[in-house]
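*Asks:* The sequence shown begins at 1497 in the working numbering and counts up one residue at a time. Each residue gets a CB set at the ideal place from its N, CA and C atoms; glycine is no exception. After the C-alpha cells below, expect a handful of questions from me.
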Amino acid sequence: MSARKPYVVALERARNTNSKTKKTPTPTVDVIAQLAYALDIDASTLFARAMKIASRHVLLVVDETAPTPLKIVQQSSINQPQNWLCAAKSGDISLRREKSRQYKPADIAQALNNELQNLRSKIANQTLGLIFSETSEAMTEFDNPQAVLKFEHKWADVVDKAATSVGAQSAFNICVYKIADLKTLANPTKAFNELVEVHDEFWTYTNSMLVLSDSSLTQSHRIKICELLKK
1497 MSARKPYVVA LERARNTNSK TKKTPTPTVD VIAQLAYALD IDASTLFARA MKIASRHVLL
1557 VVDETAPTPL KIVQQSSINQ PQNWLCAAKS GDISLRREKS RQYKPADIAQ ALNNELQNLR
1617 SKIANQTLGL IFSETSEAMT EFDNPQAVLK FEHKWADVVD KAATSVGAQS AFNICVYKIA
1677 DLKTLANPTK AFNELVEVHD EFWTYTNSML VLSDSSLTQS HRIKICELLK K
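Here's what the structure looks like:
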C-alpha cells in the first residue's frame, strides 16, 4: 500500500474522532504546516493567506454637512484598521500628478502603486484603510467622467494588489462621492445606482449623520439619495 499523502493524514488528525458528532477538521498549526509541506508552500506564507481579511470596497455618499472623510470613518463603529491613508491634494498620498482634462485609469493605478511603495517602511505588515476623497470632484473636472465610473469596476482589485505589493492588507477601500458633484453629471441617478452596484457596501453621511450598510436600510437610503440628486 502506498504511503498516504501528508495533507490527508493532517486533516484526519485534525478531525475530532472521539466526538459522536462528525466534525470538519480544525485547522491547527500542525494541519497548516502539513498542508504547506504537501503543497510546497512556505508555512508562514500559508498562514498569512489563511488569516488575510477581506477588503471592504465602500461607497460613501456625503452632503454639504460632512466633515473630512477621515473624521467620518474614525468616529464610526467599524473595526478600525491600523493605518488610515487619505488620497487627496493635502493627504497622505496623491494620485493626480499632472493637470489633464482626461481621466487616465492606468496613470491613477500607477500613481497608487508608487505612493504606497514610498510608504512601504511605514505600512508593511499593517492593515490599511484607504480613503479616496476626491473621486467625485475629479469627475467634475474631467471631460470623460464616465471613465471614472468604468474604472470603479476594477478599482477593488487595483487597490488590493497595490497594498499586497508592499506587504500590507487593504481592510477598507472607501470611495467618497459628494452629492453636489454627482448632480453635475448628465444622469446623476444612473451614475449613483451604478456606483452602488459595484461597491460591497453603501454608506451615507447626510444631515450630520453617518449610516452604515444594513440590508434593512440600504434600499431606503438609496431612494433617499436618488431623491436628493433630483432636487
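DSSP beta-bridge partners for residue 1552?
*Replies:* Looking at the DSSP assignment, residue 1552 forms a beta bridge with 1668.
*Asks:* Which runs of the alpha helix (DSSP H) fall wholly inside the stretch 1622-1701 and span at least 4 residues, in chain order?
*Replies:* 1631-1637, 1641-1661, 1675-1678, 1684-1694
*Asks:* Determine the burial state of residue 1610: buried for a count of at least 16 other Cβ atoms within 10 Å of its Cβ, exposed for fewer.
*Replies:* exposed
*Asks:* Let's test the definition: count the other Cβ atoms within 10 Å of the Cβ of residue 1535 and tell me whether it reaches 16, buried, or not, exposed.
*Replies:* exposed
*Asks:* Measuring alpha carbon to alpha carbon, tell me which of 1692, 1627, 1619 ends up nearest residue 1565.
*Replies:* 1627
*Asks:* Measure from the alpha carbon of residue 1617 to the alpha carbon of each residue in 1693, 1662, 1721, then state which is nearest.
*Replies:* For the residues 1693, 1662, 1721, the minimum Cα distance to residue 1617 belongs to 1662.
*Asks:* Helix, strand or coil, according to DSSP, for residue 1562 in the structure here?
*Replies:* coil
*Asks:* For residue 1646, which of 1631, 1724, 1709 has the nearest alpha-carbon?
*Replies:* The shortest Cα separation from residue 1646 among 1631, 1724, 1709 belongs to 1631.
*Asks:* Is residue 1649 buried or exposed, if buried means 16 or more other CB atoms sit within 10 Å of its CB?
*Replies:* exposed
*Asks:* Do the stretch 1553-1564 and the stretch 1668-1688 meet, that is, are 3 or more Cβ pairs less than 8 angstroms apart?
*Replies:* yes
*Asks:* Alpha carbon to alpha carbon, what distance is there between residue 1635 and residue 1676?
*Replies:* 11 angstroms
*Asks:* Does the distance from the C-beta atom of residue 1624 to that of residue 1659 stay below 8 angstroms?
*Replies:* yes
*Asks:* Excluding five sequence neighbours on each side, which residues of the same chain lie with their C-beta closer than 7 angstroms to the C-beta of residue 1652?
*Replies:* 1551, 1553, 1669
*Asks:* By Cβ distance below 8 angstroms, which residues in the same chain neighbour residue 1717 in space, the five residues on each side in sequence not counted?
*Replies:* 1698, 1700, 1707
*Asks:* Shortest alpha-carbon distance to residue 1601 belongs to which of 1665, 1644, 1582?
*Replies:* 1644
*Asks:* Whole angstroms are fine: how far does the CA of residue 1580 sit from the CA of residue 1586?
*Replies:* 14 angstroms
*Asks:* Identify, in the order they occur along the chain, each residue of the same chain with its Cβ nearer than 7 angstroms to the Cβ of residue 1666, setting aside the five sequence neighbours on each side.
*Replies:* If we look at residue 1666 and ignore the five residues flanking it on each side, its Cβ neighbours are 1551, 1624, 1626, 1655, 1656, 1659.
*Asks:* DSSP three-state call for residue 1724: helix, strand or coil?
*Replies:* helix
*Asks:* What runs of the alpha helix (DSSP H), each 4 residues or longer, lie entirely inside the stretch 1569-1608?
*Replies:* The stretch 1569-1608 contains no whole alpha helix (DSSP H) run of 4 or more residues.
*Asks:* So for residue 1535, helix, strand or coil by DSSP?
*Replies:* coil
*Asks:* Grouping DSSP H, G and I as helix and E and B as strand, with all else coil, what is residue 1708?
*Replies:* Here residue 1708 sits in coil by DSSP.
*Asks:* Applying the 10 Å Cβ sphere with the 16-neighbour rule, what's the burial state of residue 1687?
*Replies:* buried
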